[in-house]
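Engineer: Sharing a structure below in structure tokens format, with a few things to ask.
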Amino acid sequence: APHTIKHWPSLAYAVIIAAVDQRLLYSENMWSLRKTILYPALRAVPMPLLAMAVGLFAGLAVWLVMDPIQSMALRDIFQEELRARAEMHSHEDLIRFEHYVEHYDSTTQLLAHQRHMIDYLMFPPWEYGNDQGLLVIQGEKPDWLPAASFWTPLVRPSHVILFDSERRMREIFEAVNAQIPDELREQADLFLGESALQGYLTTLDERPFFMVSRPVDEVPGRHLGYIMLLVPIDERFLRASQEGALKSGTVLAVLDADEQRILASSQPEVVFAGSLVDIWRDAYLITAQSFFDYDGSDLNMQFASFTPSSEVMATNQRVLQLERRQRLVAAAVFIAVFTLVIFVVSARLNMVARRLSRFTQRALGYAEPTFSGRNQLILLEDWINRFTRMVLVSRDEMSSRHESEMHDKEALRTAVMENARDCIVTIDSKGKIIDFNPTAERTFGHLRDQVTGREVYKVLLARSEIDRFRSMLEYSSHGSDPQQFDLADEITALRADGSEFPAELSIMRVPLASRTVFTVWLHDISKRRRVEQEMESLAKFASESPSPILRVNDRGVVLYANLASRPLLAYWDCEPGQTLPHFWRILVLAALEHERQEEPEMVSGERVYSLLLAPVASLGYVNIYGRDITEVRHAEQQARQHQAELVHVCRLSTMGEMSTGMAHELNQPLSAIVNFAKGSMRRLRSGSYDEKTILDALEQVANQAERAGEIIRRLRNLVTRQPPVRSEVDLNGLAREVCSFVEYEARKLGIEIELRLSPEALPVRVDLVQIEQVLLNLIRNAMDALQEVPASDRSLVVRTSAYGEGQVQMSVYDSGPGINPEHMANLFNPFFTTKSTGMGMGLPISKTIIDDHQGTISARSTPDKGTAFTVILPTYLDVLGANSIAGTG
Ligand code: ADP
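So, in structure tokens, the structure goes:
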């Protein structure tokens, strides 16, 4: 047991290690236990409280375990100590015992040398050779012994035996009333020999005795006899041997070493003789030791001290109590300190937790409930678990995102490389080709594998460009900003078939981790060159154009003027780079502002120009495309003249057709004049006349003559060839006048022309004769048509009215047979007629006239119902203002 106890710290350590062992803590059962019961319970307990509880619990547990062990250890130590001490005491006891025994030795010596003894033996009362028997003296002391006080302080021997010189026992003095042991009596000679020189311990009749003998000499070497003391080792002897130094409670005993039996004890009433030593072991601490050298002892005897165990126990208990008190104090201090430390740690943990909470909230958007008032350690562990999981999840997420990003980037790079319009050639710093994109393959006619590893300027560039490319590469590799396109230059590139082409080249430095590479971007510009050439030739168009082309900016400055615009510039008196005259500047600005094309005309001397102003608002200039329209104008003039002639001819023909009516009309006033004149003449001839009647008749004549004159004037107006002139007239008046022309003819046909004129005047600026011609044509066509229906059904209406904003209309309705729908499309075509005598020119001429006046003419007809022709004219026609601008520059 002491061996085990010595190693208890390592044992306890092993137990703790086993308990904390991860395998145990994290085993399946433990885990579920922790999760379901332990953790929720622990979470709710604040750390310091838990620490206190754990401290108390641990203290208690340690106490329970330690106390018996420690008590045992202590007891053992005590026992050990006590044993040592008992042994020492026992040794002292033994020494005292020996010392005491030695007194007997010297006392015996003294006895042997006293005078009485010698004298007695010089003349003994026995006869040698005669075995008279033994003299036993009881009570009164014999003469050969000194006074009784002689023994003090020794315990009186039980017997003093006197031997003769032949070692025969002669006299026995029985000091106490006791028989001499039989064993001694029988073997007296033997014992005398044994005890001759020093004391001799032995058992006689199973009782321990000490005997000592000495020869009694007359002179040295001549023995008169022998004296022997026999002292029983008993209670008295043992006590006396200690000379008062025996501790109370301690029992001294003499043992039979072989049998471990007590032969004598200092307190026979407690430890009685004859009992075995073993039965006393519980009650006493027994120390047995052999006596010092008692040669010749036939018996193996031991000296034993019995120290009562109860005494040992009491001391042990006292020490144990003291030790316990100290341990308790130490434990209390330990718990206090432990709790304090945990409290401090938990406070730190709280702080850490708060920080972590804030951090989690910020970093992961994950709010942690507050730690305070609960078990921070477990909550922290929970948090760390969760945090670890989250970190792992986000790490996985990040890595997968990173992977997909890398993948995307790679795909993007490949796509860029493959689909780039430029040739991308990756080279190393020595100019060796590393990569070659598909565009480059197509452009150069090399395959990627054919050129990889070859030098770029030998494969892809014209011989003359090699040095230039080398210096560009050199420059690029020392440029300050690698991401910048350092160079962009034109270079002559070489195709696989040996043909050359112009290309734009730029080199970009790409510093990689291990080395620096360069991407060479080549753009085939041969197409662009062609386009540029084409553009150049296109640009010549303007300069080569026979018509004037100019460009004027938003400040009216002439930016460009081709050769043909010389006359215009001369007229404006300005040169390219100078400003246009005010009027034209205003026009240009207006065109720009409204982003609307304008086409004014310009008369310069004999030439007339039409100028198309085309604004390019986004660039802030106006292109002017000039057109010499002098000839056009001239042709127009002639056309107009022809038209007028045509109209005149047409009118003449109309007049011809109307001549009968006209003549008849003229006939009326003329007949009246004749009648009035003849009447007046008759009256004047008869003489019976009054002045008034004659005057009236003359007045009538004058009136009728005026009427005739009016008719003739009108006729002349119609017939006379007049230059086309526009004047402001009222459409209503015009309609009235035309109707009066045809009145006679109409009446003859039994047609009443109904005039439905607008109540207000309808001013128009027209060529009066031409518009009259139009109306006349329409009315005459209507009358022709009406002839085909019975007289009772004939109706002809002429109507005028305002027509919307700025326009007037004039319509002619008839109740004739209408127009065959198939003919409608041809009505205004020249020479279309359905009449046997018709010319088919009336409507075409009318349309020409109306078109000339910026008006419209249209027909609507319902077969068997009638026809309506409508002319719409603008109320105001500033012909000059709208159509031509006389040179005002
Ligand atoms: P012309 O009177 O000489 O035939 P126009 O040009 O004046 O020539 O008329 C062409 C044709 O239009 C006429 O032949 C006729 O058939 C038709 N037409 C014109 N006006 C009318 C009308 N009011 N009613 C029916 N037909 C008409």
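Each residue of the sequence shown is one higher than the last, beginning at 100 in the working numbering.
Quick reminder that beta carbons are idealized off the backbone N, C-alpha and C, glycines included.
What separation, rounded to the nearest whole angstrom, lies between the Cα atoms of Pro-680 and Gln-742?
Structural biologist: Translated into positions along the sequence shown, residue 680 becomes position 581. Translated into positions along the sequence shown, residue 742 becomes position 643. Computed Cα separation, rounded: 38 Å.
Engineer: Could you round the C-beta distance between Glu-700 and Val-707 to whole angstroms and report it? I think they count as a contact, below 8 Å.
Structural biologist: Your numbering for residue 700 matches position 601 in the sequence shown. Your numbering for residue 707 matches position 608 in the sequence shown. Right, the Cβ-Cβ distance comes to about 6 Å (below 8 Å), so this counts as a contact.
Engineer: Rounded to a whole number of angstroms, what is the C-alpha to C-alpha distance between Val-702 and Asn-831?
Structural biologist: Counting from one through the sequence shown, the residue named residue 702 turns up at place 603. Counting from one through the sequence shown, the residue named residue 831 turns up at place 732. Between Val-702 and Asn-831, the C-alpha separation is close to 38 Å.
Engineer: If we call anything under 8 Å between Cβ atoms a contact, is Ser-364 one with Val-350?
Structural biologist: Residue mapping note: residue 364 aligns to position 265 of the sequence shown, counting from 1. Residue mapping note: residue 350 aligns to position 251 of the sequence shown, counting from 1. Yes, these two residues count as a Cβ contact at 8 Å.
Engineer: Could you tell me which residues DSSP puts in a beta bridge with Ser-703?
Structural biologist: Position 604 of the sequence shown, counted from the start, is the residue given in the question as residue 703. In DSSP, Ser-703 forms a bridge with Arg-706.
Engineer: Bridge partners for Arg-569 per DSSP, in chain order?
Structural biologist: What you label residue 569 is simply residue 470 of the sequence shown in a count that begins at 1. Partner(s): none; Arg-569 has no beta bridge.
Engineer: Take the Cβ of Asn-876 as the centre, count every other Cβ of all protein chains shown within 10 Å, and call the residue buried at 16 or more, exposed below.
Structural biologist: For the purposes of this step, residue 876 is taken as residue 777 along the sequence shown, with counting starting at 1. By the 10 Å Cβ count, Asn-876 comes out buried.
Engineer: Suppose you measure from the CA of Leu-44 to the CA of Asn-474; what does that come to, to the nearest Å?
Structural biologist: Past the edges of the chain, shown from 100 to 988, lies residue 44, and the structure says nothing about it.
Engineer: Could you give the distance in angstroms between the alpha-carbon of Gly-238 and the alpha-carbon of Gly-343?
Structural biologist: Reading the sequence shown from its first residue, position 139 is the one you call residue 238. Reading the sequence shown from its first residue, position 244 is the one you call residue 343. Their backbone Cα atoms lie some 29 Å apart in a straight line.
Engineer: Check the C-beta distance from Gly-905 over to Pro-973 and give it rounded, since I have them as a contact under 8 Å.
Structural biologist: As a first step, residue 905 is located in the sequence shown; it is residue number 806 there, counting from the start. As a first step, residue 973 is located in the sequence shown; it is residue number 874 there, counting from the start. With 8 Å as the limit, Gly-905 and Pro-973 qualify as a contact, their Cβ atoms being about 6 Å apart.
Engineer: What are the boundary residues of the alpha helix (DSSP H) that Asn-880 is part of?
Structural biologist: Taking the first residue of the sequence shown as 1, we reach residue 880 at position 781. Per DSSP, Asn-880 belongs to the alpha helix (DSSP H) from 867 to 885.
Engineer: Just checking Lys-639 against the ligand ADP - is the residue's beta carbon closer than 7 Å to any of the ligand's heavy atoms?
Structural biologist: Against the sequence shown, residue 639 aligns to sequence position 540. Lys-639: no, Cβ never under 7 Å from the ligand ADP.
Engineer: Flag this pair as touching only if the region 503 to 520 and the region 567 to 575 have three or more C-beta atom pairs under 8 Å; answer yes or no.
Structural biologist: Result no; under three Cβ-Cβ pairs closer than 8 Å.
Engineer: Curious, which full-length beta strand (DSSP E) runs of at least 3 residues does the region 949 to 974 contain?
Structural biologist: Fully enclosed beta strand (DSSP E) runs of 3 or longer: 955 to 961 and 965 to 973.
Engineer: Can you tell me whether DSSP reads Arg-380 as helix, strand or coil?
Structural biologist: Within the sequence shown, numbered from 1, the residue matching residue 380 stands at position 281. In the structure shown, Arg-380 sits in coil (DSSP, three-state: anything other than H, G, I, E or B).
Engineer: Out of Met-216, Arg-665, Val-369 and Tyr-912, which one is the CA nearest neighbour of Ala-967?
Structural biologist: Taking the first residue of the sequence shown as position 1, residue 967 is located at position 868. Minimum Cα distance to Ala-967 is reached at Tyr-912.
Engineer: Count Cβ pairs between the region 763 to 775 and the region 740 to 754 that sit closer than 8 Å; are there 3 or more?
Structural biologist: No: the two stretches stay apart, fewer than three of their Cβ pairs being nearer than 8 Å.
Engineer: In the DSSP output, what is Gly-324 paired with across the bridge?
Structural biologist: Translated into the one-based positions of the sequence shown, residue 324 becomes position 225. DSSP output for Gly-324 lists Asp-263 and Val-315 as bridge partner(s).
Engineer: Per DSSP, Trp-620 is paired with what?
Structural biologist: Walking along the sequence shown from the start, residue 620 turns up at place 521. For Trp-620, which the question treats as bridged, DSSP gives the partners Ile-523 and Ser-605.
Engineer: With distance defined between alpha-carbon atoms, name the residue in Glu-692, Leu-688, Tyr-670 and Glu-853 nearest to Gly-704.
Structural biologist: In the sequence shown, residue 704 corresponds to position 605, counting from 1. Closest option to Gly-704, Cα to Cα, is Tyr-670.
Engineer: Buried or exposed for Ser-779, please, with buried defined as at least 16 other CB atoms from any protein chain shown within 10 angstroms of its CB.
Structural biologist: As a working mapping, residue 779 is identified with position 680 in the sequence shown. When all chains shown are included, Ser-779 counts as buried.
Engineer: Between the alpha carbons of Leu-261 and Ser-347, how many angstroms are there, rounded?
Structural biologist: Position 162 of the sequence shown holds residue 261. Position 248 of the sequence shown holds residue 347. Answer to the nearest angstrom: the Cα atoms are 39 Å apart.
Engineer: For Ser-445, is the classification buried or exposed, using 16 other Cβ atoms within 10 angstroms of its Cβ as the cut-off for buried?
Structural biologist: Translated into positions along the sequence shown, residue 445 becomes position 346. The residue in question, Ser-445, is buried, as its Cβ has 16 or more Cβ neighbours within 10 Å.
Engineer: So who's on the other strand from His-258, going by DSSP bridges?
Structural biologist: Reading the sequence shown from its first residue, position 159 is the one you call residue 258. For His-258, which the question treats as bridged, DSSP gives the partners Glu-273 and Leu-329.
Engineer: From Arg-654 to Leu-637, what does the alpha carbon distance come to, in whole angstroms?
Structural biologist: Looking up residue 654 in the sequence shown gives position 555. Looking up residue 637 in the sequence shown gives position 538. Taking the straight line from one Cα to the other gives about 27 Å.
Engineer: Based on the DSSP output, what are the partners of Asp-727 in its beta bridges?
Structural biologist: Against the sequence shown, residue 727 aligns to sequence position 628. According to DSSP, which records beta bridges pairwise, Asp-727 is partnered with Tyr-708.
Engineer: Leaving out five residues on either side along the sequence, give the residues of the same chain with a beta carbon under 7 Å from the beta carbon of Asp-357.
Structural biologist: Working through the sequence shown from its first residue, we reach residue 357 at position 258. Cβ neighbours of Asp-357 beyond the five flanking positions: Asn-399.
Engineer: Pick helix, strand or coil for Ala-356, following the three-state DSSP scheme.
Structural biologist: Within the sequence shown, residue 356 is the residue found at index 257, counting from 1. DSSP places Ala-356 in coil when its eight states are reduced to three.
Engineer: Would you call His-258 buried or exposed, if buried means 16 or more other Cβ atoms sit within 10 Å of its Cβ?
Structural biologist: Numbered from its first residue, the sequence shown carries residue 258 at position 159. Buried.
Engineer: What are the partner residues of Asp-304, as DSSP defines its beta bridges?
Structural biologist: The residue given as residue 304 occupies position 205 in the sequence shown. None; Asp-304 has no bridge partner.
Engineer: Contact defined as beta carbons within less than 8 Å: I believe Asp-263 pairs with Gly-324. What is the distance between those atoms, to the nearest angstrom?
Structural biologist: Walking along the sequence shown from the start, residue 263 turns up at place 164. Walking along the sequence shown from the start, residue 324 turns up at place 225. About 5 Å; that satisfies the 8 Å criterion.
Engineer: According to DSSP, is Asp-166 part of a helix, a strand, or is it coil?
Structural biologist: Numbered from its first residue, the sequence shown carries residue 166 at position 67. Helix at Asp-166.
Engineer: If you follow the beta strand (DSSP E) that Glu-853 is part of, which residue opens it and which one closes it?
Structural biologist: On the sequence shown, residue 853 is found 754 positions in, with the first residue counted as 1. Residues 852 to 855.
Engineer: So is Gln-583 buried or exposed if we call it buried at 16+ other beta carbons inside 10 Å?
Structural biologist: On the sequence shown, residue 583 is found 484 positions in, with the first residue counted as 1. With a pLDDT of 49 at Gln-583, under the threshold of 50, the predicted position of this residue should be treated as unreliable, though the coordinate-derived value follows. Result: exposed.
Engineer: Bridge partners for Pro-862 per DSSP, in chain order?
Structural biologist: Within the sequence shown, residue 862 is the residue found at index 763, counting from 1. DSSP output for Pro-862 lists Asp-829 as bridge partner(s).
Engineer: Going by alpha carbons, who is nearest to Gln-740 out of Thr-947, Met-171, Ala-143 and Leu-455?
Structural biologist: Sequence index remark: in the sequence shown, residue 740 carries index 641 (1-based). The candidate whose alpha carbon is nearest that of Gln-740 is Thr-947.
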